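Asker:
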Amino acid sequence: MLSLLSVSSVVEKNRITSRSSSLVQKGLAVVAISSNSVDTHPQDGPELMAEDAKLFKYPFPYLYDEVCFYNEFLMIVFN
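So for the sequence shown, full-length UniProt numbering puts the first residue at 1; every next one is plus one.
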């Protein structure tokens with residue numbers, strides 16, 4: 001599992017794009033989910049996510065979890 005939650009540098013985003021492209025070419029499904037609150041992380045809102053996805057040519061769907069369900073799920077699974 002790759003996490004975009006802590007990814008902020010151009011180098012890291014390019015690395016994730018490259019690795020994801022390799023996985024997609026092998027027939028694997030890749031998806032990214034941002035479940036950060038736009039109240040605390042305005043840079044992770046849908047509009048800026050779309051710009052990021054276009055800029056870095058993400059080869060996967062980049063989804064926005066408006067109710068932060070995914071964060072809650074991870075806290076339950078990994079605690």
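In this text, a Cβ means the ideal position worked out from N, Cα and C, and glycines have one as well.
None of these values were measured; they are calculated from a predicted model.
Where does A53 fall in DSSP's three states?
Answerer: Three-state DSSP puts A53 in a helix.
Asker: What did DSSP end up calling L23 once you bin it into helix, strand or coil?
Answerer: helix
Asker: If distances are taken between C-alpha atoms only, which option among P42, L55 and V24 comes closest to Y64?
Answerer: P42
Asker: Please report the Cβ distance between N14 and F56, rounded to the nearest whole angstrom; I am assuming they are in contact, meaning their Cβ atoms lie under 8 Å.
Answerer: Contact between N14 and F56 holds, since their C-beta atoms are separated by about 7 Å, short of 8 Å.
Asker: Going by the DSSP bridge assignment, what does L48 pair with across the sheet?
Answerer: None; L48 has no bridge partner.
Asker: Mind checking which residues open and close the beta strand (DSSP E) that includes A32?
Answerer: Membership of A32 in the beta strand (DSSP E) is indicated by the continuous run A32 to S34.
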